[in-house]
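Note sheet for the following structure.
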Amino acid sequence: MIEVRELTKTFGKTIAVDRLSFTVRPGRVTGFLGPNGAGKSTTMRLMLGLERPTAGHALIDGRPYRETGEPLRRVGALLDASYVHRGRSAYHHLLWLARSNRIPSARVKAVLEMVGLEGVARARCRTFSLGMLQRLGIAAAFLGDPPVLLLDEPVNGLDPEGVLWLRTLLKGLAAEGRTVLVSSHLMSEMALTADHLVVIGRGRLLADVGMAEFIERSRATSLEEAFLRITADATEHRAQPEPGR
Ligand SMILES: Nc1ncnc2c1ncn2[C@@H]1O[C@H](COP(=O)(O)OP(=O)(O)OP(=O)(O)O)[C@@H](O)[C@H]1O
Ligand SMILES: [Mg+2]
613 MIEVRELTKT FGKTIAVDRL SFTVRPGRVT GFLGPNGAGK STTMRLMLGL ERPTAGHALI
673 DGRPYRETGE PLRRVGALLD ASYVHRGRSA YHHLLWLARS NRIPSARVKA VLEMVGLEGV
733 ARARCRTFSL GMLQRLGIAA AFLGDPPVLL LDEPVNGLDP EGVLWLRTLL KGLAAEGRTV
793 LVSSHLMSEM ALTADHLVVI GRGRLLADVG MAEFIERSRA TSLEEAFLRI TADATEHRAQ
853 PEPGR
């Protein structure tokens, strides 16, 4: 379980996360939605102790992430798939992570097979496509077989087979009782994957509700329509009114 309470993060004058409170429960896939710049990635970084909150807190299974022993066994995270040593092979990247987290090396082979990268495991990461890097990031998140997963836009760059694979995987992990928080801008895919939604705009909570109820509430026929309605006032990139009107 992930608990976010009154979480706030400012960067200079920018309020990236604004008194955000929500709980991510186990046993279901929770979609984390919001327009560009809404604060999703910052919230995830705060959950992982990569940023220090200005106020409030985020707890994972009752503790701040920093106080979690053997973090990769407790929480699997994919934030930025390009965050790998480009000169290393996929195999050595994962082996380094496994060794430094006291995870058996046999897991490396298992996760490489799981994400379909076993054939290119020895190639340097600099030769990887976006989708291959994304698969490697997902492999790293699963290395410690964690009960809690935080994935920031994991679908980006995946091919159709990869998208289907990830959807099936996330649903299966949730069904096993794990806690799964996944952000995405792909509404049609999210509609197929998530059971529950946390929607934010300008750092604030806009909705924390089941998928079906979210769509019904805004009298929409699709997740996309409901999302556009609820975030209409919270997008940073609205067109400016023309002068003289
Ligand atoms: N390190 C930083 N320094 C300054 N401002 C930052 C920093 N990180 C994020 N921000 C700002 O915080 C706000 C939230 O950004 P964040 O990346 O969390 O949004 P997001 O919801 O993940 O957006 P996207 O959908 O585009 O990934 C933005 O205004 C962004 O410019
Ligand atoms: Mg982001």
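The C-terminal residue of the sequence shown carries number 857 in the working numbering, and the numbering is unbroken.
The beta-carbon is built from N, C-alpha and C at its ideal position, and this holds for glycine as well.
Bear in mind that the values here come from a model prediction, so they are computed numbers and not experimental data.
Taking every protein chain shown into account, the CB of residue 742 has fewer than 16 other CB atoms within 10 angstroms, so this residue is exposed.
Where residue 633 is concerned, the enclosing beta strand (DSSP E) starts and stops at 626-636.
Taking 7 Å as the cut-off, the C-beta of residue 653 counts as close to a heavy atom of ligand 2.
Residue 749 sits close to residue 690, with the two beta carbons spaced by under 8 Å. For the pair residue 666 and residue 622, the CB atoms are nearer than the 8 Å cut-off.
When the Cα atoms are used, residue 694 and residue 751 turn out to be separated by approximately 13 Å. Distance between residue 711 and residue 724, taken at the CA atoms: about 16 Å.
A distance below 8 Å separates the beta carbons of residue 733 and residue 702. The criterion of a C-beta distance shorter than 8 Å is satisfied by residue 719 and residue 755.
No Cβ-Cβ contact shorter than 8 Å links residue 759 with residue 778. Residue 663 sits in coil when the DSSP states are folded into three classes, being neither helix nor strand. With respect to residue 843, residue 813 sits close: the two C-beta atoms are nearer than 8 Å.
Counted as a single uninterrupted DSSP element, the stretch harbouring residue 815 is not any alpha helix (DSSP H), since DSSP gives it neither H nor E. At a threshold of 7 Å, residue 673 does not count as near ligand 2, since its beta carbon sits no closer than that to any of the ligand's heavy atoms.
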